[in-house]
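A quick write-up on the structure given underneath.
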Amino acid sequence: MTAETLAREAPGAKAPTTTKEELVGRAKRLSALLAAEAREAEALRRPTDTVIRALEEAEIFKLMAPRVYGGLEFDLDTFFEVGLALSEGDASMAWVANFYIEHVWIFCLFPRAFQEELFASRSYALAPAMLSPTGQVTRVEGGYRLNGRWSWSTGIMHADWVLPAAIVTREDGKRVPMFFALPRSEVRVEDTWFVDGMQATGSNDVLIEDAFIPDGRMLSFPDMIEGNTPGASLHPNPLYRTPMLPTLGLAAAMPALGQARNSVRLFKERLLARKAEGGTRRVGTASYMRLARAEVQVEQIYLLLRHLVEDVMRLRNDATRVDRTRWATQLAHAVDQSKSVIAYVCEAAGASGHFQDSPLGRAARDVNTVGAHIVFDLDARLELHGAALLGEEIPGILV
Numbered sequence: 001m002t003a004e005t006l007a008r009e010a011p012g013a014k015a016p017t018t019t020k021e022e023l024v025g026r027a028k029r030l031s032a033l034l035a036a037e038a039r040e041a042e043a044l045r046r047p048t049d050t051v052i053r054a055l056e057e058a059e060i061f062k063l064m065a066p067r068v069y070g071g072l073e074f075d076l077d078t079f080f081e082v083g084l085a086l087s088e089g090d091a092s093m094a095w096v097a098n099f100y101i102e103h104v105w106i107f108c109l110f111p112r113a114f115q116e117e118l119f120a121s122r123s124y125a126l127a128p129a130m131l132s133p134t135g136q137v138t139r140v141e142g143g144y145r146l147n148g149r150w151s152w153s154t155g156i157m158h159a160d161w162v163l164p165a166a167i168v169t170r171e172d173g174k175r176v177p178m179f180f181a182l183p184r185s186e187v188r189v190e191d192t193w194f195v196d197g198m199q200a201t202g203s204n205d206v207l208i209e210d211a212f213i214p215d216g217r218m219l220s221f222p223d224m225i226e227g228n229t230p231g232a233s234l235h236p237n238p239l240y241r242t243p244m245l246p247t248l249g250l251a252a253a254m255p256a257l258g259q260a261r262n263s264v265r266l267f268k269e270r271l272l273a274r275k276a277e278g279g280t281r282r283v284g285t286a287s288y289m290r291l292a293r294a295e296v297q298v299e300q301i302y303l304l305l306r307h308l309v310e311d312v313m314r315l316r317n318d319a320t321r322v323d324r325t326r327w328a329t330q331l332a333h334a335v336d337q338s339k340s341v342i343a344y345v346c347e348a349a350g351a352s353g354h355f356q357d358s359p360l361g362r363a364a365r366d367v368n369t370v371g372a373h374i375v376f377d378l379d380a381r382l383e384l385h386g387a388a389l390l391g392e393e394i395p396g397i398l399v
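Set out below in structure tokens:
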């Protein structure tokens, strides 16, 4: 099958029987399962098999896979609504689900031959993508030899493939960070994920020793950042011309907003219970004000991210440097505000929120950890956006 054939067939190829509304509805129903499994997943330090199986059965991982390979080929707006619904159930397992979806999209940016190999038997693959290029590569006949250790391997515990990063020195001397694709069976996992938040992601270390990566299983970071990958030429849907960083940032930000929204709901339920009890535990005016303020803040964050999604879908790889730094700043701001909402609610929720199995306590731990991700360094994002607004040169690797 040629790229021209794909381009001709894709718009009508294997039209999905699942609608966007149905997929979002499934995600909303699955949110309750994630919430019910959260305590066990936190103890296991990985997503439960029950949740991963349910997500597969609901076709969640097919969301951004091309129709020509049996996927649903929905855009970022559907990704946002699905990911946000899951995130209201549990931050950690939604984080894994969101990145599985986003990494399927990354696979769709690789050269055609590898996509046809990967999607021959199933319309998605589950994989971590380790963004930090800590590997060492050596050019050999027909490909590369890859060695190294990678941390933060979200999704490794149920993975089929892995996407580690390393820097390749090209013949012209230019050093280019690249993703490499190889089967999960060719890597070793080291149990290192002992953390105080996002425990259920299972983001352990991955070790690779002298793995051979054939030509055609590499993808350039600069091409992904600009939306100019092999997949962008292969698939006609503008989804595959979307720059990487806002897509990645959205996947990571949704658990923060989802848990901010969930925290407001839990706080409201507590206040209603106190109100029903009456007596000395009745709800006071200060609690009304705190609930109202938190609810309005969550709606503001939601509207900000929804506007960002619409903006990214409108501009794609035509976005200017100012557009990109604005998106990065908006994502960091959304996570920062989500943290603030959860802290604000927890202040008034009582001491029971500090028990290990409290959903409110878990939300606070998890979203504080989400906020530590490099793409959510708000000071750094503000500095870059301010410089871009003044016309200064901006490095492109994190925008």
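The sequence shown begins at 1 in UniProt numbering and counts up by one. A virtual CB, placed ideally from N, CA and C, is assigned to each residue, including glycine. For clarity, every value in this text was computed on a predicted model and none was experimentally measured.
- Looking at the DSSP output, Thr138 bridges to Arg145.
- Between the alpha carbons of Gln300 and Ala260 lies a distance of about 12 angstroms.
- Taken through DSSP and simplified to helix, strand or coil, Trp95 comes out as helix.
- The continuous beta strand (DSSP E) containing Phe212 extends over residues 205-214.
- The Cβ atoms of Trp150 and Pro183 lie no closer than 8 angstroms to each other.
- The criterion of a C-beta distance shorter than 8 angstroms is not satisfied by Leu72 and Leu86.
- Met157 places its beta carbon 8 angstroms or farther from that of Ala165.
- Restricting attention to Asp172, Phe194, Val298, Ala113, the CA atom closest to the CA of Leu219 is found in Ala113.
- Closest by C-alpha distance to Pro255, out of Thr201, Met244, Pro66, is Thr201.
- Setting aside the 5 residues that flank it on each side, Gly148 is surrounded in the same chain by Thr134, Gly135, Gln136, Pro164, Ala166, Leu207, Ile208, each with a C-beta closer than 8 angstroms to its C-beta; the list follows chain order.
- DSSP places Ser151 in no beta strand (DSSP E); its state is neither H nor E.
- DSSP places Glu190 inside the beta strand (DSSP E), whose first and last residues are 188-190.
- Taking C-beta atoms under 8 angstroms as the contact rule, Gly197 and Arg365 qualify, at a distance of about 4 angstroms.
- Setting aside the 5 residues that flank it on each side, Leu55 is surrounded in the same chain by Ala97, each with a C-beta closer than 6 angstroms to its C-beta; the list follows chain order.
- The three-state reading of DSSP puts Met244 in helix, counting H, G and I together.
- With 16 or more neighbouring CB atoms inside 10 Å of its own CB, Glu102 falls in the buried class.
- If you draw a straight line from the Cα of Val375 to the Cα of Leu245, it is about 9 angstroms long.
- Within the UniProt domain "Acyl-CoA dehydrogenase C-terminal" (251-377), complete alpha helix (DSSP H) segments of at least 4 residues are found at 285-315, 321-349, 359-370, given in chain order.
- Between the alpha carbons of Pro111 and Ser340 lies a distance of about 42 angstroms.
- For Pro66, there is no enclosing alpha helix (DSSP H), as DSSP marks it with neither H nor E.
- Beta-bridge pairing by DSSP links Trp161 to Pro183.
- Taking 8 angstroms as the cut-off, the beta carbon of Leu131 is found no closer than this to the beta carbon of Gly155.
- Note on geometry: alpha-carbon atoms of Ile213 and Ala91 lie some 33 angstroms from one another.
- Rounded to the nearest angstrom, the gap between the Cα atoms of Leu382 and Thr329 is 6 angstroms.
- With respect to Arg39, Asp357 sits close: the two C-beta atoms are nearer than 8 angstroms.
- A Cβ-Cβ distance of about 4 angstroms is found for the pair Ser123 and Gly70, placing them in contact under the 8 angstroms criterion.
- Relative to Ala94, the option among Pro16, Thr17, Glu42, Val296 whose CA is nearest is Glu42.
- Boundaries of the alpha helix (DSSP H) around Met224: 221-226.
- If you draw a straight line from the Cα of Phe119 to the Cα of Phe61, it is about 13 angstroms long.
- Between the alpha carbons of Asn262 and Arg362 lies a distance of about 11 angstroms.
- Residue state for Ser121 is assigned as coil, using DSSP reduced to three classes.
- Look at Leu390 here: in three-state DSSP terms it is coil, with no helix or strand label.
- For the pair Leu304 and Glu171, the Cα-to-Cα distance works out to about 44 angstroms.
- Listed as beta-bridge partners of Val168 by DSSP are Val176.
- For Thr78, the uninterrupted alpha helix (DSSP H) segment begins and ends at 76-87.
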